[in-house]
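Q: Could you have a look at this structure, given as structure tokens, before my questions?
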Amino acid sequence: MDKHLGYGSLSSPEGQLTVPDAVRRKLRLDDPQTVVEFVERDGEIVALPRVAVHPNDVWFWTPESQAAEREADEDIAAGRTTSFDSEDAFLHHLDKLAGRKLGEDR
């Protein structure tokens, strides 16, 4: 059952939407980092609060990056990790993975 929280209204020709206090509090819209995503769900428009992402961090939230993060988490949980005693050992390992001989240009 729906819970009525109030009415909003368009208050300017630019489409500025006035949101009732109860809705702003419920969605935490007073936080300057919060934005609202509007989606269509079952024929209705639904407002979903979201935390704004800095433009430099958008890549991290792509489906591909999130899938890679999940894969890394699974590998760590399963113990599929490698550690190195030195920076040189780490770089040598990367060179081997890339098929390069030690000392070739990276």
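The sequence shown runs 1497 to 1602 under my numbering.
Note that CB positions come from ideal geometry on N, CA and C, so glycine has one too.
To the nearest angstrom, how far is it from the Cα of PHE1534 to the Cα of VAL1542?
A: Approximately 6 Å, taken between the alpha carbons.
Q: Measure the C-alpha to C-alpha separation of ASP1589 and ASN1552 and round it to an integer number of angstroms.
A: The sequence given here places His at residue 1589; Asp does not occur at that position. Their backbone Cα atoms lie some 30 Å apart in a straight line.
Q: Closest to ASP1498 by C-alpha separation, out of ALA1573, GLU1540, GLY1511, would be which residue?
A: Of ALA1573, GLU1540, GLY1511, the residue nearest in Cα terms is GLU1540.
Q: Give me, in chain order, the residues of the same chain whose beta-carbon lies closer than 8 Å to that of THR1577; leave out the 5 immediate sequence neighbours on both sides.
A: Once the five neighbours on either side are set aside, the close Cβ partners of THR1577 are ASP1571.
Q: Measuring CB to CB, does THR1514 end up less than 7 Å from GLY1504?
A: Yes, the pair counts as a contact, with Cβ atoms nearer than the cut-off.
Q: Between which two residues does the alpha helix (DSSP H) harbouring LEU1544 extend?
A: Careful: LEU1544 lies outside any alpha helix (DSSP H), inside the beta strand (DSSP E) at 1540-1547.
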